[in-house]
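Visitor: Note that the sequence shown covers residues 649 to 1024 in my numbering.
All residues carry an ideal CB built from backbone N, CA and C; glycine is no exception.
Computed from a predicted structure; not experimentally measured.
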Amino acid sequence: MTSAYGDTRSDRIADRRLLLFGIVVTGGFFSFGAAAQSMLVIEVAHISYAGHALHPVLEAALRFSIGLAAALIIGGCAVWWRLTDRTPSETILLGIAAVLLASAARALLQLLFGVHPEQIEAVKDAIVALPIGLLVLGLGMALVSLTRRAREAERERRTSAVRAVEALDQLQQEELRVRREVADALHGTMQNRFLLIGARLGEAADTIEADLDERGAAELRERLNGVRDELDGLREHELRELSIALYPEALDHGIVPACRALVARIPRSIPVDFDIAGAPSADPFDRTARLLLVRVVEEGVSNALRHGEATELALTIAQRDDAYMIEVRHRGVEPVEAPRLSGLARLRSRLAVLDGALELANAPGGGVLTARIPLP
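And the structure:
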């Protein structure tokens, strides 16, 4: 349960304990100083019982204990009356009452143990102790106030961090939605339009051929067929590749199927070892995380072929401890030391948001790109 200030019950209990601790420690410090001042500086009359002066150590301990008891009374009242949860006016009134009670108790203890043989001296001492008691209480309340501010600042920082993560997640979800819509449009609507254009070109060729001689009709047919073949090539290859780049194939079925579809597009002249023996049986990630991990594989394969001049590739998907691990290894040119990263740098920053990591390292006869992300 939380208060109007956002503090939980455990926070309020911790505040009361801190208040009591601060009052007792500060009050003990003042009690020690008052005892030392009385015995060493002012040199008041020593306490005696039955005509025998009390040993200085025992006298100092008695004076200190009486002052500490007063501090305990202030702290006990502050906790019992819950001054940390009161309004400012209530805190002031109850705080004054606690200090008055502690001062009166201190005076009675001093009379009882013979620290002040006369009542008037005890009353004077109690009056002097009032501002000190208020100061002790004020310091305790100030300590609680500082702690609360620090706690609220930390809570606000955590809230801001959570909001930032949520905002980033919403942006990623929106990006994923737009990617899929565009990919579907390219795969469906645009391909259909290319098919219709090809059909209309065929109809136009048939219509025009009737008005041309045999040679002219053959040339026209050849040109139109060339245009139609080019449109078919755009539809079958460029549009398909663009659609896959926006939203990888089989992504909805999981990371492994999406990576398998990616591996199938690698030229057959380059051997690929696809190891999924250690992969979890169930894909635990949402589509945003899946897309990110598949992008890592795409970037790793692309860099291995383009910069690493890969002659062999190995893709491993496995679970290591509580993390999901993807490794793209190639045999070819080793990565340079401290390479300038562009695509990998963006992927690394996005993985970091999910507490993941991305590492590019040299390997015997090539390089290895490793991505790790904690299992949800």
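Rounded to the nearest angstrom, how far is the Cβ of V944 from that of L1006, given a contact under 8 Å?
Guide: Rounded to the nearest angstrom, the Cβ distance from V944 to L1006 is 7 Å, consistent with a contact under 8 Å.
Visitor: Report the three-state DSSP secondary structure of F669 (helix, strand or coil).
Guide: helix
Visitor: Assuming contact is defined by CB atoms lying nearer than 8 Å, are F669 and L710 in contact in what I supplied?
Guide: Cβ atoms of F669 and L710: not closer than 8 Å.
Visitor: When DSSP builds the beta bridges, which residues end up paired with F761?
Guide: Beta-bridge pairing links F761 to no other residue.
Visitor: With distances taken between CB atoms, is the gap from V984 to L1017 smaller than 8 Å?
Guide: No, Cβ-Cβ distance for V984 and L1017 is not below 8 Å.
Visitor: Is the CB-CB distance between A755 and A770 below 8 Å?
Guide: Yes. Within cutoff.
Visitor: Helix, strand or coil, according to DSSP, for E800 in the structure here?
Guide: helix
Visitor: Identify which residue in L741, A774, L742 has its Cα closest to the Cα of L757.
Guide: A774
Visitor: For A683 versus G715, is the C-beta spacing smaller than 8 Å?
Guide: yes
Visitor: Based on the DSSP secondary-structure assignment, which residues constitute the bridge partners of E1007?
Guide: E1007 pairs with T1018.
Visitor: Measure the C-alpha to C-alpha separation of A652 and V747 and round it to an integer number of angstroms.
Guide: With a pLDDT of only 44 at A652, under 50, the local geometry of the prediction cannot be trusted, and the value read off the model is given with reservation. Near 28 Å, if we compare the C-alpha coordinates of V747 and A652.
Visitor: Suppose you measure from the CA of L868 to the CA of A937; what does that come to, to the nearest Å?
Guide: 52 Å
Visitor: Give me the Cα-Cα distance between R665 and V792, rounded to the nearest whole angstrom.
Guide: 9 Å
Visitor: Given F922, which residues of its chain have a CB within under 6 Å of its CB, disregarding the five upstream and five downstream residues?
Guide: V911, L963
Visitor: Determine the DSSP secondary structure at H955, reduced to helix, strand or coil.
Guide: When DSSP states are grouped into helix, strand and coil, H955 belongs to the coil group.
Visitor: Nearest by alpha-carbon distance to R935: which of G874, L1008, P905 is it?
Guide: Selected option, being the one with the closest Cα: P905.
Visitor: Does DSSP put P1024 in a helix, in a strand, or in coil?
Guide: coil
Visitor: Quick one: any contact between the segment 992-1008 and the segment 952-969, if contact means 3 or more CB pairs under 8 Å?
Guide: no
Visitor: Could you spell out where the alpha helix (DSSP H) holding I924 opens and where it closes?
Guide: Unbroken run through I924: none, as it is neither H nor E.
Visitor: Just to check my reading of the structure: G1004 and R979 have Cβ atoms closer than 8 Å, yes? What is that Cβ distance to the nearest angstrom?
Guide: Contact flag wrong, Cβ pair sits at about 26 Å.
Visitor: Can you tell me the Cα-Cα spacing of P779 and A750, whole angstroms?
Guide: 12 Å
Visitor: In angstroms, rounded to a whole number, what distance separates the CA positions of V672 and G926?
Guide: 60 Å
Visitor: Going by C-alpha distance, which of G781, I661, I914, S658 is nearest L720?
Guide: The residue with the shortest Cα to Cα distance from L720 is G781.
Visitor: Name the DSSP bridge partner or partners of L961?
Guide: V920, H978
Visitor: With a CB to CB cut of under 6 Å and the five nearest residues on each side skipped, what residues in its chain are close to T674?
Guide: V784, L787
Visitor: Skipping 5 residues on each side, what residues in its chain have a beta carbon closer than 7 Å to that of L899?
Guide: A906, R935, R938, L939, V942
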